[in-house]
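The structure appears right after this line, and notes come after that.
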């Protein structure tokens, strides 16, 4: 049985493992779906019932009357399905908040106003039930809290099963008060601390709170508003989240043993020797005896207070405590929801006071704390928690139950008795010093505490039977010895053995309450929120500030994955230094508080909420999906309880607003993604077009090279034919010349012979000698010309090869080559001329000499020079278009071309062959490359492609030879699809499971100023300047 105090979450627990799937932390989205489905089913049932009634009317009105009469008789004699208060007299559900305060605002209200409203509502409900039960002659049966149904014993989504549902350890049966008690009475000599006795449930903190109230019996009487013991209906009120609520229960209570509706279950008494443990040792290994239980003993197990499973009064016929505990469990939904807690929480729920958590070792002024303890049961109530244990033994050496809640019943300051003085003197002498004056004149401070168990007491100084007691002191303190759970302890030992103290300030009718609730979104980084509260005080006096969040006990199962801690600071307007702040250790996580005296003026309360997410917790969606069929009614009750308090803070509006913003953001993200995809597809299409154009251009270039080679072969062939023809013509010409020479020689000889005859050398002979010398000179010149022509042919062959490589180089660099038109002379030789330059006229073959050959060579050189000038002009135009990057490449190409021209002088135009098809193909290659570069210019996609990416095996051109445009086909490091995005999104720790911590908080201000006002302020930037 867990009797430990609830400590909140474990601060030292490891960080949770991220979930595998995305979770949704919204509540109202799935709650509305669930309730709509239920309403739809109910409407279908109603419609079916109406249709059945209508058909019955059509058949026979008499039959309808008989059916209605039978139904009424059945309802009146149905027993436990009889009267129940599903809704109160105002038409509201049975156990939600009393007042429909959906705005979450209470302005300048007396502290007793909410209590008066809840008490009036409670009396009205009890009276309505009483009248209905008297009319039906039946006791009240509460179907909303039907013991021992599992919904009344276990919470909605709790992994631990309570003892109340375990076999042989759980609830045995349920009976009414008159069947359990022989002479039941609600109060027997009033409500006292000795009445409280804890049952099997671990709600010692709540019972400690009840014990604290026993010092002021009127506080317990204020909780029990109305009752009718004959009908079996009882009405109570409790304080929840700043307001009072009412709750009504019947008189059915749980017993430890099974019932006797028919026959007793056979029960036996087992007797064994005490030297062995019967729970671990088989019966066959020890001596034992079995006998049937006596009837009187069996009946005693099911009679009186000792028969109850949960809390009970010490008196065998007193009933107020078990009924009060049942109503408190019903308000929270079940008995398991009230297991484990702080005594201060219980006292708050029973009184409407304000609890403050105090750590004993951190108390600065212990005298001040003692002065407050002296006002217990007047202005304050106190609870305390014992220290944690060192082992699994529930009791330590001093007799304290470890981690257990106790109640401070009284504080007394008495004169030290003689035995205590003598003991102090002996201790001083033992230490070799005199007794101090402070010790001699000091008072003795004692505290009266109680254990809710009604037993297990402290065994140190001033415990029952200790040496410190004297008859006079016992009479002065009105104390008697006995194991009743009540004991006295010194103030010094109290601070030593009770590290946690709960101080509750009682709020009387003279106080004014102002309250404001709101919903906030808590960031992952702990900082002061942009939501703050403003306070205006018009009268100087004490002010108590309470910052709270909804008590999650009331909606177990819908607590979600987030746990929140609250903190605040108070600033005077215009001041940079805070006046006070809430304590760092607030104990209970549901609220934190502080009190001080304030002067009239305006103040600002800055709020800091820290959130921790535990992925082991379940979201509302998961809980609804699991229990919507199996535990539908429990799910409805808990969900309504959750909505009752969170509606004050407008959590629904926050969720709807955030969902709307998320949808807008999703649409914007989708639009951006579409635009991004369009840009990506556009780039891909541009790359594809550029690649296709590149391949097409390369194919044309290769075709041009092939055509150039074919043309070169044809040119060589024609050249060889021309040379052969020329050689043949030359040989013929030489033969003719030789014949002419021979004829002339013969003629000359003939004429010489004639002249000799005449007697001397005539004049004609001299002329012939001159002609012969001239012919000899012409022959030598012709041999020279033939030699020059041979050299020219060799040069032409080298020029043709260089021209082909130069054309290839120009085509790869994108330079436009100017085609020079060629003309055929009458003798079959080819001459070329640039545009605008006159073509040299051809001379007859018989008159061709070295002079005409030289002039033809000069004209060809002039034409080549002009062609080169046009190439230079084209290079400059290309440099202006392609920019500095291409200019370097083009300039380098031009310099290489010039070097090639220097190494291979231009050949004579006379020797260039002519082919119209070849010229057209060559010009097509040059123009295609120029057009492609003017339309698309891009760069390679990546460095690897630009370094080594040949198009084909037969191509000598790689991608690195081209200057691609980086705007279209640049490397991935420049144009990536993720450019322009948020790099932080790729490393977002909450990308798969978004952080959505929403918390409802409320500020309650209690003061003596009737005009104090509280407002909520919302900013945009938060309060970054506030530290810690």
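In the working numbering, the protein residues as written are 109 to 1136.
Think of the CB as a built atom: it goes at the ideal place given N, C-alpha and C, for glycine as much as any other residue.
None of the values given here were measured: they were computed from a predicted structure.
Item: Helix, strand or coil for residue 311 per DSSP?; Value: coil
Item: Just the Cα atoms here: how many angstroms apart are residue 300 and residue 491?; Value: 16 Å
Item: Given that a residue counts as buried once 16 or more other Cβ atoms are within 10 Å of its Cβ, and exposed if not, what is residue 1117?; Value: buried
Item: Could you pull out every unbroken beta strand (DSSP E) segment of at least 3 residues lying fully inside the segment 360 to 441, listed in chain order?; Value: 360 to 363, 376 to 380, 396 to 400
Item: Would you please state the rounded distance, in angstroms, between the beta carbons of residue 136 and residue 760? I believe it to be under 8 Å.; Value: 5 Å
Item: Between the C-alpha atoms of residue 659 and residue 266, what's the straight-line distance to the nearest angstrom?; Value: 16 Å
Item: Tell me whether the segment 259 to 278 and the segment 550 to 568 touch, counting them as touching only if at least three CB pairs, one residue from each stretch, are closer than 8 Å.; Value: no
Item: Apart from the five residues on each side of it in sequence, which residues of its chain come closer than 7 Å, Cβ to Cβ, to residue 316?; Value: 451, 454, 491, 513, 514, 515, 560
Item: Taking the straight line between their C-alpha atoms, what separation do you get for residue 1141 and residue 303?; Value: Not covered by the structure: residue 1141. The range shown for the chain is 109 to 1136.
Item: I need the DSSP call for residue 698, collapsed to helix, strand or coil.; Value: coil
Item: Quick check on the burial criterion: 16 or more other C-beta atoms within 10 angstroms. Buried or exposed for residue 325?; Value: exposed
Item: Buried or exposed for residue 472, going by 16 or more other Cβ atoms inside 10 Å?; Value: exposed
Item: Taking its Cβ as the centre, do 16 or more other Cβ atoms sit within 10 Å of residue 309, making it buried, or is it exposed?; Value: buried
Item: To test your reading of the DSSP string, which unbroken alpha helix (DSSP H) runs of 4 or more residues are found completely within the segment 510 to 541?; Value: 526 to 538
Item: Please report the Cβ distance between residue 507 and residue 420, rounded to the nearest whole angstrom; I am assuming they are in contact, meaning their Cβ atoms lie under 8 Å.; Value: In fact, because the Cβ distance is near 23 Å, the residues do not count as touching under 8 Å.
Item: So for residue 723, helix, strand or coil by DSSP?; Value: coil
Item: Count the other C-beta atoms from every protein chain shown that fall within 10 angstroms of the C-beta of residue 392, then say buried if there are 16 or more, exposed otherwise.; Value: exposed
Item: Using the C-alpha atoms, what's the distance from residue 683 back to residue 319?; Value: 44 Å
Item: Helix, strand or coil, according to DSSP, for residue 339 in the structure here?; Value: coil
Item: What's the call for residue 609, buried or exposed, on a 16-neighbour Cβ count within 10 Å?; Value: buried
Item: Under 8 Å, with one C-beta from each stretch per pair, do the segment 524 to 533 and the segment 278 to 292 reach the 3-pair mark?; Value: no
Item: Kindly list the residues whose CB is nearer than 8 Å to the CB of residue 425, restricted to its own chain and excluding five residues on each side of it in sequence; keep chain order.; Value: 289, 290, 291, 292, 293, 296, 412, 413
Item: Spatial neighbours of residue 949 within its chain, please: CB distance less than 7 Å, with the 5 preceding and 5 following residues excluded, ordered by chain position.; Value: With a pLDDT of 39 at residue 949, under the threshold of 50, the modelled position of this residue cannot be trusted; read the value that follows with caution. Contacts found: none.
Item: My understanding is that residue 460 touches residue 711, with C-beta atoms under 8 Å, so please give their C-beta distance in whole angstroms.; Value: No, residue 460 and residue 711 are not in contact; Cβ-Cβ is about 24 Å, not under 8 Å.
Item: In the DSSP assignment, the beta strand (DSSP E) including residue 650 goes from what residue to what residue?; Value: 649 to 656
Item: Short check: CB of residue 690 to CB of residue 676, under 8 Å?; Value: yes
Item: Go ahead and label residue 632 buried or exposed: buried means 16 or more other beta carbons lie within 10 angstroms of its beta carbon, across all protein chains shown.; Value: exposed
Item: Measure the Cβ-Cβ separation of residue 1113 and residue 356 and say whether it is below 8 Å.; Value: no
Item: Using the Cβ count rule (16 or more neighbours within 10 Å means buried), how would you classify residue 708?; Value: exposed
Item: Give the range of the beta strand (DSSP E) segment to which residue 281 is assigned.; Value: 281 to 284
Item: Pairing CB atoms from the segment 1104 to 1113 with CB atoms from the segment 713 to 720, are three or more of them under 8 Å?; Value: yes
Item: Could you tell me whether any non-hydrogen atom of the ligand GDP is closer than 7 Å to the CB of residue 609?; Value: This structure does not include the ligand GDP; it has no bound ligands of any sort.
Item: So, under 8 Å CB-CB, residue 637 and residue 715 are touching, yes? Tell me the CB distance rounded to an integer number of Å.; Value: 5 Å
Item: Would you tell me roughly how many angstroms separate the C-alpha atoms of residue 612 and residue 481, rounded to the nearest one?; Value: 11 Å
Item: Check each candidate in 653, 669, 832, 586 and name the one with the smallest Cα separation from residue 704.; Value: 653
Item: Looking at the unbroken alpha helix (DSSP H) that takes in residue 271, where does it start and where does it end?; Value: Neither: residue 271 is in no alpha helix (DSSP H) and is coded neither H nor E.
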